[in-house]
Amino acid sequence: VYGILGPNGSGKSTTLGIVLNVVNATSGDFSWFDGNTTTHDALKKVGAIIERPNFYPYMSAYQNLKLVCKIKGVDYSKVNEKLEIVGLLERKDSKFSTYSLGMKQRLAIASALLNDPEILILDEPTNGLDPQGIHQIRTLIKQIASQGTTILLASHLLDEVEKVCSHVVVLRKGEKLYSGRVDEMISSHGFFELKTNQQDLLISFLENNPDFTNIKIEDHLITAFLNAPMDASTFNKLMFEKGITLSHLVKRKESLEEQFLKLTDNN
Numbered sequence: 136v137y138g139i140l141g142p143n144g145s146g147k148s149t150t151l152g153i154v155l156n157v158v159n160a161t162s163g164d165f166s167w168f169d170g171n172t173t174t175h176d177a178l179k180k181v182g183a184i185i186e187r188p189n190f191y192p193y194m195s196a197y198q199n200l201k202l203v204c205k206i207k208g209v210d211y212s213k214v215n216e217k218l219e220i221v222g223l224l225e226r227k228d229s230k231f232s233t234y235s236l237g238m239k240q241r242l243a244i245a246s247a248l249l250n251d252p253e254i255l256i257l258d259e260p261t262n263g264l265d266p267q268g269i270h271q272i273r274t275l276i277k278q279i280a281s282q283g284t285t286i287l288l289a290s291h292l293l294d295e296v297e298k299v300c301s302h303v304v305v306l307r308k309g310e311k312l313y314s315g316r317v318d319e320m321i322s323s324h325g326f327f328e329l330k331t332n333q334q335d336l337l338i339s340f341l342e343n344n345p346d347f348t349n350i351k352i353e354d355h356l357i358t359a360f361l362n363a364p365m366d367a368s369t370f371n372k373l374m375f376e377k378g379i380t381l382s383h384l385v386k387r388k389e390s391l392e393e394q395f396l397k398l399t400d401n402n
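Residue numbering for the sequence shown follows my numbering, beginning at 136 and increasing consecutively.
Okay, structure coming up:
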């Protein structure tokens, strides 16, 4: 699952529109699969949802998907198969108008899967859903990916990318700030949260130690970001040797949110 992460207006939907051939690029280029496949041929192997689900409200889920099959030239046998994948087979005869927002989104995913795509493109798939709907969509995304489909997912939700994606590209105002594995983006050495009655002495030590890259002070809590691997027991021993007594020592790992804010603040 490859995430496109960025704040609103960063260019996520525009990027998806360009690769789906519905938005004309003003500069740059891209290629599909082996680089020799035309966009027209490539899109036959792609399923996409880039707007809110839009089906006939007076028709059932089954009837709506049969219509999509007819348009795409897909065998009708795929309808029940895809409805089962998204957990809507038991409600296949219910009218679209009776569906919840989460069910409508799952039906849209079923529709995008009808042609057995190699790549599934989703633009903000959990937008507007309640917590249960969000959980269902995220579980479904991971399930589809585990069966060999590559998923390109645009989102402004850091939590979503961290929970669902294996890779991510971070965008800001149309510029790429980071591209790579999610776990590598958050694989910093972490940080210590510290408290002591000898604050000046501790700050002086941290500022002159190359193992620490950044120090933040908020009220009586000192946050010291590591530049090299170090566990809490090693640091505590070091403090004891320096004659500094700590009343609070916690080692934490930076979240994707902290890494994202650091990236966007620096750019």
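Virtual Cβ for every residue (Gly too), placed ideally from N, Cα, C.
Counting every other CB atom within 10 Å of its CB across the protein chains shown gives E259 a total of 16 or more, marking it as buried. The C-alpha of T369 is placed about 42 Å away from the C-alpha of L287. Counted as a single uninterrupted DSSP element, the stretch harbouring R226 is not any beta strand (DSSP E), since DSSP gives it neither H nor E. At the C-beta level, S145 and K308 come within 9 Å of one another. Between A247 and I184, the C-beta spacing is below 9 Å.
Assignment of H291 by DSSP, reduced to helix, strand and coil, places it in the coil class. Scanning I350, T399, G237 and K217 for the CA closest to the CA of F326 turns up I350. Its chain contains I153 and V154 as the residues whose beta carbon lies nearer than 8 Å to that of F165, once the 5 sequence neighbours on both sides are disregarded; these appear in chain order. In this structure, the CA atom of G237 is about 25 Å from the CA atom of H302. Counting every other CB atom within 10 Å of its CB across the protein chains shown gives I352 a total below 16, marking it as exposed. When secondary structure is reduced to three states using DSSP, A183 falls in the strand class. For G138, DSSP records a beta bridge to L288 and V303. A buried status is given to K213, since no fewer than 16 other beta-carbon atoms sit within 10 Å of its beta-carbon. Around K239, the same chain offers P188 as residues with beta carbons nearer than 6 Å, after the five sequence neighbours per side are excluded.
Look at the stretch 328-360 and you find these whole runs of alpha helix (DSSP H), each 4 residues long or longer: 334-342. Taking the Cα positions, L337 is about 40 Å away from G138.
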